[in-house]
Amino acid sequence: MKTLIITNCIANGTDKKINPSLLNLLGAATNINKHNKNNPNDNRDANDDNDNNNDVVSNVVVSGMSSDVLIIGYQLNEVCQQIANLKNVNQVLQLDHSSLDNLLVENVAKQIAEIVNNYTHILVNADSFGKNLLPRIAGILELGQISEVVEIISPSIFKKFIYAGNVLVEIESLEKIKLLSIRANNFTALSPINVCINVGINADINAPTSSAPINFLEYTNPISDKIRFVSKQIEDKSVSLDSAQIVVSGGISLGSAAAFDSHVRALAAKLNAAVGATRAAVEAGIAPNDCQVGQTGVIVAPKLYLAIGISGAVQHIAGMKDSKTVIAINTDSSAPIFEYADYGMVGDLFEIIPQLVNKL
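Going by this note's numbering, the sequence shown opens with residue 43, and the numbers climb by one from there.
Given below as structure tokens:
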């Protein structure tokens, strides 16, 4: 059994960083390899000794539990070296080319599909990159995929939500290659070895210093003439929404982009939190599209979720219901969001948030 994790990097100009979701994907991959190591002949029994597989992640390198990591982009030498120093990484595959600086998955899908043929399990984060890439690989290889896995029962049985997050089901895959997109925050992140990767995780300076080999892959994928990169608008974000431990979200009741910035973003800055928004707020131009939390946006599972001026539509709840603690602020005491909130405050956000920001 061989596991491959496919990831990209976070780039701000020439500054490249490891995507923090990689640590969670390594945790998920360790669960797959652990089950196979414990009981390779019986997938179901491998779960008997653990009630919560996602929380059991070894902090040591275990033989036979390592995964390969494929990273795609441009000028990745430093990032690849950091990945090579992470726990449970068997080897790093570096697909590095100037054509991949502004990554379009249409220009890598065919080559990645060829690489995937050498593995039994393929893991990607269930973010915009993973959701764009994995279905293309599935189509090329004529395989089924399992989307947004939240728990690993065995190497072939996985849990995911359906019906807008209202039903949790077990799915068994009989495919020779399991294509899995992973809800990263549902899995415990592995801590890095002897390296600071600037994603909010402290390095273990007492851990072994050996690193995995890095193999450079020649870029052979044909460039599509049906799609081209035009431009990108980069917003300076210190915290990634899909991997944030604290998320501050605002709804359409904020009324304007200026109010969103002065209330939601101001509070998020004080808490070192990621910024989220409802679909209605995004469609009204109050918040950018990449802030959208919900069934058709980003699925989050932070330790703390602050819902400011959010009523609690079903589609939004589906994107944040796995949050450990939810705090809601709304003028409407009957708003559905209070049914999911651990703490609620009925009041005017335009009075409450400035006071809270000043206190912090």
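Ideal Cβ positions, reconstructed from N, Cα and C, are used throughout, including at glycine. These figures come from a predicted structure and were not determined experimentally.
In the DSSP assignment, GLN357 falls within the alpha helix (DSSP H) that extends over 356-362. ILE125: member of the alpha helix (DSSP H) spanning 119-126, first to last residue.
Closest option to ILE157, judged by alpha-carbon separation, among SER282, ALA360, THR262: THR262.
Taking C-alpha positions only, LYS268 is separated from ALA71 by approximately 35 Å. Secondary structure of GLN287 (DSSP, three-state): coil.
Distance from the Cα of LYS152 is smallest, within the candidate group TYR347, ASP57, TYR385, LEU137, for LEU137. Around the beta-carbon of PRO255, fewer than 16 other beta-carbon atoms lie within 10 Å, marking it exposed. In the DSSP assignment, TYR382 falls within the unbroken alpha helix (DSSP H) covering 379-382. Counting along the chain, GLN136 sits inside the beta strand (DSSP E) bounded by residues 131-138.
Residue environment analysis places PRO344 among the buried positions, since at least 16 neighbouring C-beta atoms fall within 10 angstroms of its C-beta. One alpha carbon belongs to GLU214, the other to GLN187, and they sit about 11 Å apart. Taking 8 Å as the cut-off, the Cβ atoms of ASN66 and ALA286 do not count as close. SER353 carries a coil assignment under DSSP once its states are collapsed to helix, strand and coil.
By the neighbour-count criterion, in which 16 or more other beta carbons inside 10 Å mark a residue as buried, ILE204 falls on the exposed side. DSSP places PHE171 in the uninterrupted alpha helix (DSSP H) bounded by 170-183.
Secondary structure note for PHE392: its alpha helix (DSSP H) is the uninterrupted segment 391-401. Of GLN334, LYS401, LEU346, ASN208, the smallest CA-CA separation from SER170 is found for GLN334. Setting aside the 5 residues that flank it on each side, ALA155 is surrounded in the same chain by ILE179, ILE182, LEU183, each with a C-beta closer than 6 Å to its C-beta; the list follows chain order. Your pair ALA206 and GLN357 checks out as a contact, with CB atoms roughly 7 Å apart and the cut at 8 Å.
By the criterion of at least three beta-carbon pairs nearer than 8 Å, the region 322-336 is in contact with the region 295-305. Residue environment for SER140: exposed (fewer than 16 other C-beta atoms within 10 angstroms of its C-beta). The C-beta distance from GLY351 to GLY389 rounds to 11 Å, too long to fall under 8 Å, and the pair is not in contact.
Where PHE200 is concerned, there is no enclosing alpha helix (DSSP H), although the beta strand (DSSP E) around it starts and stops at 199-204.
The DSSP-derived three-state label of ASN257 is strand.
Apart from the 5 residues on each side of it in sequence, TYR347 sits with its Cβ closer than 6 Å to the Cβ of VAL289, MET362, SER365, VAL368 in its chain, given in chain order.
When the five nearest sequence neighbours on each side are left out, the beta carbons in the same chain lying within less than 8 Å of the beta carbon of ILE219 are those of VAL158, ASN159, TYR161, THR162, HIS163, ILE164, LEU183, LEU185, in order along the chain. For CYS51 and GLY336, the gap between their C-alpha atoms comes out near 24 Å. Counting along the chain, LYS220 sits inside the beta strand (DSSP E) bounded by residues 220-224. Judged by DSSP secondary structure, ILE369 falls within the beta strand (DSSP E) whose first and last residues are 367-372.
Closest in C-alpha terms to ALA168, from the list LEU210, LEU221, ALA349, comes LEU221.
Separation of SER108 and ILE194 (C-alpha to C-alpha, rounded to the nearest whole angstrom) is 16 Å.
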